[in-house]
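Protein chains in written order, with my numbering: chain L, 4 to 247; chain D, 4 to 247. For glycine and all other residues, C-beta sits at the position ideal for the given N, C-alpha and C. No experiment lies behind these values; they were computed from the predicted model shown. As structure tokens, the structure follows; a few thoughts come after it.
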DNA sequence: CGCCAATGATGAATGCTATTTATTAGCGAC
DNA sequence: GTCGCTAATAAATAGCATTCATCATTGGCG
């Protein structure tokens, strides 16, 4: 009496796309809950309603599965952001928008962001991967903003656009690590304002006397940007950038 | 004829400190060469001249061994920097010094820096660890510089010192990730200048001509009122101004 | 209608490693 | 010398990704 071999084993055939999306959905769940190392293929298989071996029919290994999951998430994110961004005018507003949306996505999906920062980006094959290209496109929006700002005479001509990219995204990551570890919380809108202002103005006290009008403008700019972002609508009026 | 059990097995007794430092030296080598995951306890034991089990007499597990190795490296680094820093005067010079020494240590020990960023800092028990405290002391020098600069009237009074810390260290990390993955190189001195200047001055062009401020204000007031109404929220408080 | 090849799916086997454990060897006290 | 204590050892254990030999479905073709 063979214990189970004699029993007809259950087999459930499905179209490959369905299997793949089931597996990816289950994998996303498990990776998010457990992190890469503690995620078990067994667990993923169980939740996807397949057996361990089946996962290897569609994905070469655990890491490839992770990469596909994160790619999927990232692509979705990019699609959502792209058209909104196109409507924002003025270098301050554009930087603020980029900072804010990035902070928001970290705030919404901390576990996935973490996987990206900790597992994907440090890998030696990251450069050359699809995710690298996606991320490049994502961050290059900021580089372009700076270039345009320089050309338009808004921003200092000697600034390196790519260094500004590292300044902004690096600052965001460094600031959010505690949150990503599960410690505390942050307010994306408030932090976006602070970072944008700091990057824009720097630390040094300029020699310009601050007119009382300026602080009014500053307050209004901030309130407007926040409200526009919150309302999800395009900025008010002129193509003449943020004046000042 | 028992294959080996009958042969007198070699045992080499040493004082614990010596054993520990041998193991840590071997572990440092292997972690640096292979990274955390691909480092094998077997390999470490072999190079330290002990057997695998002996490592567990001194270290609870592989991760604790990693932490001890990185701690040791970090402590050494701090000792070297501390007295030099005390001699530097002026906020620009002090920031530049901190940026430069940090870049230099990444440039000198990329593998260890990577372990710190990728394996240690993201761990849930990082906060509360000794390394957290060491790193805190390390980065707080910059926070203090900013505070002093503000008090002395060198730096903008409204800047958040801790945000400047995240800006600077985040920028450095983001900028050096490619190098940490083994792609390309960078010049610490040159990059230190660029980062310090960017942080110090910001992006914005300093000398604004007193422009048609009134029309700007008018536009912003209108947009704000409209948006606040649309969003159904209370008007932005004057006190919360984005200064300048 | 029924059989057959192709391939999806399975569950057990493999292999690699961290970690544990039972055993042995050296060293100091008596 | 020898007895006990502990460092050190080598073998055993266990967890988990990955592979493999087999089996079950399905759609095409007689």
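Name, going along the chain, the residues of the stretch 177-192 of chain D whose beta-carbon falls closer than 8 Å to a beta-carbon of chain L. For the stretch 177-192 of chain D, which is checked against every Cβ of chain L, the residues closer than 8 Å are 177, 178, 180, 181, 183, 184, 185, 186.
Hey, how far is the Cα of residue 103(D) from the Cα of residue 88(D)? Looking at the two C-alpha atoms, the distance is approximately 11 Å.
Measure how close the beta-carbons of residue 177(L) and residue 169(D) come, nearest whole angstrom, since I'm counting them as under 8 Å. About 4 Å; that satisfies the 8 Å criterion.
Go ahead and label residue 133(L) buried or exposed: buried means 16 or more other beta carbons lie within 10 angstroms of its beta carbon, across all protein chains shown. With fewer than 16 other Cβ atoms within 10 Å, it is exposed.
CA-to-CA distance, residue 190(D) to residue 157(D), given in whole angstroms: Distance between the alpha carbons of residue 157(D) and residue 190(D): 28 Å.
Can you tell me where the alpha helix (DSSP H) holding residue 116(D) begins and where it ends? Start and end: 113-117.
Contact set for residue 23(L): own chain, Cβ-Cβ below 7 Å, skip 5 residues either direction: Excluding residues within five positions, the ones whose Cβ falls inside 7 Å are 61.
Cross-chain neighbours of residue 46(D) in chain L, by beta carbon under 8 Å: Within 8 Å of the CB of residue 46(D), no CB atom of chain L is found; the nearest one sits about 20 Å away.
Inspect the beta-carbon positions of residue 172(D) and residue 187(L) and report whether they are closer than 9 Å. Against a cut-off of 9 Å, the Cβ pair of residue 187(L) and residue 172(D) comes out as no contact.
Would you say residue 41(D) reaches chain L, if we count a Cβ-Cβ gap shorter than 9 Å as a contact? No, because no Cβ of chain L sits closer than 9 Å to the Cβ of residue 41(D).
Length of the line joining the Cα atoms of residue 117(D) and residue 120(L): If you take the alpha carbons of residue 117(D) and residue 120(L), they lie about 12 Å apart.
Three-state secondary structure (DSSP) at residue 158(L)? Strand, per DSSP.
So which residues on chain L does residue 172(D) lean against when the C-beta distance must stay under 7 Å? Near residue 172(D) (Cβ distances below 7 Å), the residues of chain L are 177.
Going by DSSP, what residue range makes up the alpha helix (DSSP H) through residue 58(L)? Note, residue 58(L): alpha helix (DSSP H), 55-61.
Expected contact under 8 Å - CB spacing of residue 99(D) and residue 25(D) to nearest Å: In fact, because the Cβ distance is near 40 Å, the residues do not count as touching under 8 Å.
Residue 99(L) - DSSP class collapsed to helix/strand/coil: DSSP, read as helix, strand or coil, puts residue 99(L) in helix.
Can we count residue 48(L) as close to the ligand ZN, meaning its CB is less than 8 Å from some heavy atom? The model depicted lacks the ligand ZN and carries no ligand whatsoever.
Within 9 Å (strictly less), CB to CB, does residue 121(D) reach chain L? Cβ-Cβ to chain L under 9 Å: yes for residue 121(D).
Can you tell me which of 42(D), 95(D), 107(D) puts its alpha carbon nearest to the alpha carbon of residue 204(D)? Nearest C-alpha to residue 204(D): 95(D).
State the start and end residues of the unbroken alpha helix (DSSP H) segment that holds residue 41(L). Following the DSSP letters along the chain, one finds residue 41(L) inside the alpha helix (DSSP H) bounded by residues 19-41.
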